[in-house]
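Protein chains in written order, with my numbering: chain A, 44 to 494; chain B, 512 to 1100.
Listed below in structure tokens is the structure:
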């Protein structure tokens, strides 16, 4: 018995020691993946370009706030995480951070002093960035970004998520990949695209599924589920690979155009993706957006023709697409416009067909296609309901400056009408997605009203 | 004491078509630009949302998009013998208000004048002699030629997004286009829109009569479209709500669809709404402007806005008014012919035939503002002025623009105007009528001019502008000629009944019913300072850093809707500013 107690006591002591060690022993920072020459200098504009490619502004800028001064709430399953001030203000920003501190934040998710960052910061992805890009970004942020004194709200999640040391264990699961970038060596263009997608662009943060521990299930192209589609904040981040995916039907040029302008012949960027286009992708070179598109289209096959340029200025007349075989029946039914048609179809004809047409094909670059549109057919119905109720907005970009706004129909349609309409478009033209209920609509309407 | 704001390189007065063109082209030069707009801001969403926008009572009848006469209007009289009275209720013409100006609520008919129209006095002299010019007609050549203007028309058509089919490509006549138009260096940027049943019938009748039908050139998108600024349009759905309405569908060519979002991105451009310019301020020597004074409605105070260049790009009537108030030239005296400001105010001479067909259903609610088929067989360059006894011409068009219930219920003559008989008439004839319109030229005359009213003032205490205008025999004879040609053509279509509406000689101008918002002239272009208010680059003869854009530049009105000429002139002007003026500010002529 005594022996037994001794064993227990020893185990307890060991456990406590291990726990204390787990909590208190500093986590090792990763070493640089590359030694830069002592006189290394970034290319002119490199740091700002990396900032844009990494979309730092999107999370680290509050609505109406100074750029990068933090304070934007980021909803997560664990609670609200408030983004931090990353301007070089010494008191409230990162003005006192050394370059090694900065690299550790991006690569290991560690703030100075070894404090763990919440993985809302996509260090799972930034970990893959090249040393020179991290350095260029650091130099730019310290020297060029105006310091803004802005003490942001502390993130305070409920127990146990307020125990930041727990992230150490989470990192054991999430950071199984080594720092630094490993090109697949497909082609120079594709490798460049791969780098931007895997590293700074952190596409997998939304477009890869999550493991049971909420880590990204697929961080590099070598992973099976990389970019196989995820769900973020009630939105489907659609699969970016596979012939069944929406972009599987797009050309590389279509995809690159979408990235650079938020619109193409098939679709428009709404919600989070609209913000990515607004803050990040429109600022990349055409060559880089084409590289991203070529890489994504090439993951499961051939990228096809890779264009040299995208979204040329007009004048360009873009005739609408004809109905395809999958949409023929719906098109015929809407064209006939029989008074006997179902309510959802009638509502579509009365409210939607002017822009999206009886074919569901919309009009190139301005009115998105509804047939096969991942927002329409997604497992998550909130985005579709929200677009019908509140409208949508595609941001202005350099090459396509028009802010494309779709008006909302919330004042015109009741919850049950929106449900009928949404159910109709989810099943029209060969779409095959589940029904939407009036209760679903009521919930979105209520949430919209409180925002 | 007026507030004074920081000096700008350029101040733009009015943010419609020409102000937007000046804004984006000069912003590309890196200039610091402020646009002042009297009205409110407006954009497709939320201002033109469906279905609130397609409210005929609110916008079509109560004219919610238009200037409020209580804010600004003119006084009107028909001749110097009458006392002008304020135009208190909009009727004959509808000046717009707000960002986009008339460019948001127009019908979208986009024409180029014929080459002969830009040198009409020479055309008359060369073919018939000046003796055919009637007493009192101020017939002039434009100081620009069609060939000079062609690249700028082309540029505007690309920016505005015009649907149509060329009839004359670099001198080669094209099947299906307008064979009587001036040459085009390129075809229209979008193909023509489909035709409705009325225009199809008209087309067949014209072809049978040996005439030359073609699609109306439309600032209405036939496909999705991307313009040279990357701005976009969506294909029109033929909802039939163009004129007096903003387009909810991004289908109508407008500053909103063609320019403004691209312009708003530019960090060196700013615009302020509810900022009504009261006058242009001149330097002590009167040779340049120092800026403008405007009424800041939100702050409730006058503001002096200094600027190196002033662009007057408000509506024609307002431009002339501002120039008169600011001393940007001498006021025109119709008795002596001296002075230039207010000279050669002109309008449009229109008529038409309405045809009723018991057995045809035209679905008139399926249409758009620039719908239809036209002919130019009776246009300026086809008419023998000497033989016909008038100078001018018209284009004809058939194509429904709307079937709106309050204003678009044509009924055969003799049908009661109210009660059971009216109801019965509506029941029988709604959808069974079509029309053919004649849209004719209007010359300039000594009688028809603009000056400051001696009696009435606006809310800022400024004298209202006075319009002296009446129909003149030359244009009425032209109108009667069109009647004589159109009625047989209409009869050849075998309608159940038909009725004509053409003003005849002796007709007096009536400011109450709507006619057209094609008010032109008043700050006309000229070869010399004695003849007009601005030179060929729309630069005022008085102050070289003031440019006056728009239909006020027209020496006389053409037979067409003015927007294509207005847009072409705007590009012509900003090109001169960019390439000639900025490097060396001076009178360009």
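Quick reminder that beta carbons are idealized off the backbone N, C-alpha and C, glycines included. These figures come from a predicted structure and were not determined experimentally.
Residue i, enclosing beta strand (DSSP E) - first and last residue
i                      : result
residue 924 of chain B : Looking at the DSSP string, residue 924 of chain B is not in any beta strand (DSSP E), and its letter there is neither H nor E.
residue 905 of chain B : 905-909
residue 780 of chain B : 780-783
residue 279 of chain A : 278-280
residue 816 of chain B : 812-823
residue 119 of chain A : 116-119
residue 948 of chain B : 944-951
Spatial distance of residue i from residue j (CA atoms)
i                       : j                       : result
residue 568 of chain B  : residue 755 of chain B  : 11 Å
residue 514 of chain B  : residue 576 of chain B  : 30 Å
residue 98 of chain A   : residue 176 of chain A  : 14 Å
residue 229 of chain A  : residue 61 of chain A   : 45 Å
residue 1115 of chain B : residue 904 of chain B  : No answer is possible for residue 1115 of chain B: the residues shown for chain B start at 512 and end at 1100.
residue 285 of chain A  : residue 162 of chain A  : 27 Å
residue 592 of chain B  : residue 851 of chain B  : 21 Å
residue 199 of chain A  : residue 126 of chain A  : 12 Å
residue 740 of chain B  : residue 357 of chain A  : 7 Å
residue 453 of chain A  : residue 484 of chain A  : 10 Å
residue 987 of chain B  : residue 1022 of chain B : 17 Å
residue 604 of chain B  : residue 1081 of chain B : 22 Å
residue 554 of chain B  : residue 540 of chain B  : 26 Å
residue 381 of chain A  : residue 375 of chain A  : 10 Å
residue 989 of chain B  : residue 680 of chain B  : 29 Å
residue 556 of chain B  : residue 768 of chain B  : 12 Å
residue 151 of chain A  : residue 333 of chain A  : 30 Å
residue 799 of chain B  : residue 1083 of chain B : 22 Å
Contact set between residue i and chain A, taken where Cβ atoms lie within less than 8 Å
i                      : result
residue 669 of chain B : 357 and 358
residue 750 of chain B : 397
Contacts of residue i in chain B (Cβ-Cβ under 8 Å)
i                      : result
residue 406 of chain A : 734, 735, 745 and 746
residue 450 of chain A : 556, 557, 560, 561 and 759
residue 409 of chain A : 735, 743, 744, 745 and 761
residue 361 of chain A : 734, 735, 736 and 737
Within chain A, the residues that residue i reaches when beta carbons sit closer than 7 Å
i                      : result
residue 776 of chain B : 439 and 444
residue 773 of chain B : 444
residue 702 of chain B : 360
residue 906 of chain B : Those do not exist, as residue 906 of chain B stays about 24 Å from chain A at its closest Cβ, beyond 7 Å.
Range of the contiguous alpha helix (DSSP H) that encloses residue i
i                       : result
residue 536 of chain B  : 528-538
residue 978 of chain B  : Element bounds for residue 978 of chain B: not the alpha helix (DSSP H) but the beta strand (DSSP E), 974-979.
residue 626 of chain B  : 626-629
residue 322 of chain A  : 314-322
residue 1076 of chain B : 1074-1087
residue 940 of chain B  : 930-940
residue 215 of chain A  : 209-217
residue 342 of chain A  : First-last for residue 342 of chain A: undefined, no H or E at that position.
residue 997 of chain B  : 984-1002
residue 92 of chain A   : 89-97
residue 713 of chain B  : 708-719
Closer than 8 Å to chain D by CB, residue i
i                     : result
residue 62 of chain A : Protein chains in the displayed structure are A and B, and chain D is not among them.
Contacts that residue i makes with chain B (C-beta to C-beta distance below 7 Å)
i                      : result
residue 434 of chain A : 556
residue 382 of chain A : Per Cβ cutoff of 7 Å: no residues; residue 382 of chain A is ~17 Å from chain B at best.
Chain-ordered neighbours of residue i on chain A, where CB pairs are closer than 9 Å
i                      : result
residue 662 of chain B : Simply none; closest approach about 14 Å.
residue 570 of chain B : Within 9 Å Cβ-Cβ: nothing; residue 570 of chain B doesn't reach chain A, min ~17 Å.
Pair every Cβ in the stretch 204-216 of chain A with every Cβ in the stretch 176-190 of chain A, then say whether three or more of these pairs are closer than 8 Å. no
Only counting runs of 3 or more residues, tell me where the beta strand (DSSP E) segments fall wholly within the stretch 1004-1037 of chain B, in order along the chain. 1008-1013 and 1031-1033
Counting only runs that start and end within the stretch 829-911 of chain B, where is the alpha helix (DSSP H) found for 4 or more residues in a row? 896-899
Closer than 8 Å is the cut-off here; do at least three beta carbon pairs connect the stretch 962-979 of chain B with the stretch 586-598 of chain B? yes
Does the pairing of the stretch 1060-1070 of chain B with the stretch 646-661 of chain B give three or more beta-carbon distances under 8 Å? yes
Taking only runs that begin and end inside the stretch 642-686 of chain B, name each unbroken alpha helix (DSSP H) of 4 or more residues, in chain order. 657-671
Is there contact here, the stretch 701-719 of chain B with the stretch 882-902 of chain B, by at least three beta-carbon pairs under 8 Å? yes
Contact the stretch 286-302 of chain A vs the stretch 343-352 of chain A: 3+ CB pairs below 8 Å: yes
Three or more beta-carbon pairs under 8 Å between the stretch 327-341 of chain A and the stretch 634-646 of chain B, yes or no? no
Check whether the stretch 521-541 of chain B touches the stretch 772-785 of chain B, taking contact to mean three or more Cβ pairs, one atom from each stretch, closer than 8 Å. yes
Where are the alpha helix (DSSP H) runs, 4 residues long or more, that stay fully inside the stretch 324-373 of chain A, in chain order? 329-341
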